[in-house]
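Using my numbering, read the sequence shown as starting at 1019 and increasing by one per residue.
All C-beta atoms, glycine included, are put in the ideal place defined by N, C-alpha and C.
Remember, it's a predicted structure, so these values are computed and weren't measured experimentally.
To keep things clear, I will list the structure first and then write my remarks on it.
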Amino acid sequence: MQWSERSLIVGIASGLALAVIIDHVRQYYTSKSRSSSGTQLQAQAEDTISSSGISKTPPSPIGSGIESTIGSTPLIVIPSLSEITKCTILAKCEHLNGAGFSPKDRVALSIITRAERDGLLTPYSGDTIYEGTVGSTGISLATLCRAKGYQAHICMPNDQSHEKSNLLLKLGAVVERVPPAPIVDQEHFVNRARNLAKQHTADPHRHGRGYFANQFETEANWRAHYEGTGPEIYSQCAGNISAFCAGAGTGGTISGVAAYLKQQNSDIKVILADPQGSGLYNKIKHGVMFHHLEREGTRRRDQVDTMVEGIGLTRSTVNFERGRDLIDDAIKVTDQQAMNMARWLVERDGIFLGSSSAVNCVAALRTALELGPGHTVVTILCDSGNRHLSKFWGQIGDIGGEARTTVEDILEGRKLE
């Protein structure tokens, strides 16, 4: 059969046109599928609310002690951020864990459980748990120590909010507030706790043993999130996750959750949310923490002061390194951006958060805007604003009657009067 030149041209043109049409149809249905997944998640959330506005989710069986309130935290849609991005932005409410009201509840329970299993701690024997912490892990440990028959001895920097140290004292912990110092200094709060634990165990006149919790380096940290937080998020989302955003204080949360999510679906993006003054953003983007003149041991504290507590590091840790290769990108968040986000969430959603949660939400917003409509972005709410009244919220001030914070205020970090 002979093809004329005209027939060949028409045939080729028709084939190209058909290919273009098929590609457009594929893109349409892919976009529709993403949008449908996000819509389904929001619809599922709405289905759990009764006509009276109260959750219809059946209560859990009767638990045994405060430990039973840890884990299985709610995953909620953040309505205002989802609306402006045309994505589904979800927040895992880790600040609703029932012992210390932070994700550190999972870590503290994991640390104690593993130490008991290995014969390093014995309940009601006089053993004392020592830890260096900026506050949240200490609060979780102090609470669980009271419940499980231990004494807690907490060392923390003296530039942290007084709400945290006051609460630790109310929980019966011994609290030492020490000056900020680089990790190479033996007076650094972590080194101080480690040395005190050794001294306790070595002293024949002391009752019980000293145990250093070592949250920055212990495997119990990231595994608590690999075995708990990650599976919960994946199950609650029914696998419909485009990206996960979180900060790193020890690195346990982002490493543990990332390890589980990537194991289920390697296409899920993991984004580090990093506050000003931290070196982790540079570590992800450029492979180094700081210029060699700014390395640990050459300065007394962070190169840039920050009001953000609980996340950000000027050194790497075993827990962060466990998941570093799983992190796809990093977002730097300024104090002003975090403060503006905290204002926005109160004004628009009635969600009252602390500084590290606000940083996470800024990263989730920016990630959603970059991905485009129809995606699902998950982040962590790790602290309530109740523990940040004097420092973080002291700078933000009172919220007026009208919602006046804009998305541009958040993204550009504008100073609000």
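Item: Phe1262 to His1223 span [Cα, whole Å]; Value: 50 angstroms
Item: Cβ-Cβ separation, Leu1331 to Phe1338 (assumed contact under 8 angstroms), whole Å; Value: 7 angstroms
Item: Sequence-distant residues of its chain with Cβ nearer than 7 angstroms to Leu1185 (five each side left out); Value: Ile1157
Item: Integer-rounded CB distance, given that Ser1128 should sit under 8 angstroms from Ala1277; Value: No, Ala1277 and Ser1128 are not in contact; Cβ-Cβ is about 15 angstroms, not under 8 angstroms.
Item: Gln1169 - partner residues in DSSP beta bridges; Value: Thr1146
Item: Cβ neighbour criterion (16 or more within 10 Å) applied to Ser1090; Value: exposed
Item: Inter-stretch contact (C-beta, 8 angstroms, three-pair minimum) for the region 1113-1126 and the region 1082-1097; Value: yes
Item: Where Leu1331 sits in the DSSP three-state scheme; Value: coil
Item: Opening and closing residue of the alpha helix (DSSP H) in which Phe1230 lies; Value: Segment 1228-1230 is the beta strand (DSSP E) holding Phe1230; no alpha helix (DSSP H) there.
Item: Cβ-based burial, Gly1415 [other Cβ within 10 Å; buried from 16]; Value: exposed
Item: Extent of the continuous beta strand (DSSP E) run through Arg1195; Value: 1192-1196
Item: When Leu1214, Ala1266, Gly1153 are compared against Ile1302, the one with the closest alpha-carbon; Value: Ala1266
Item: Anticipated Cβ contact below 8 angstroms, Gly1228 with Thr1236, distance rounded; Value: Wrong, their Cβ atoms sit about 16 angstroms apart, outside the cutoff.
Item: Reduced DSSP secondary structure (H/G/I, E/B, other) of Ile1259; Value: coil
Item: Close Cβ partners of Glu1015 (< 6 angstroms) along its chain, the five nearest in sequence each way excluded; Value: Only positions 1019 to 1435 of the chain appear in this structure, which leaves residue 1015 out of reach.
Item: 7 angstroms CB neighbourhood of Ser1408 in its chain, flanking five on each side removed; Value: Ser1179, His1180, Glu1181
Item: Which of helix, strand or coil DSSP assigns to Gly1418; Value: coil
Item: Residue-level contact to chain C via CB, Lys1280, 8 angstroms cutoff; Value: In the structure shown, chain C does not exist; there is a single protein chain.
Item: Three-way DSSP call (helix, strand, coil) for Ile1201 in this model; Value: coil
Item: For Ser1296, the residue or residues it bridges with in DSSP; Value: Bridge partners of Ser1296: none, in fact.
Item: Coarse secondary structure for Thr1103, derived from DSSP in three states; Value: helix
Item: Entirely enclosed beta strand (DSSP E) segments - the region 1363-1413, minimum 3 residues; Value: 1394-1399
Item: The region 1092-1111 in contact with the region 1397-1407 per 3-pair CB rule at 8 angstroms; Value: yes
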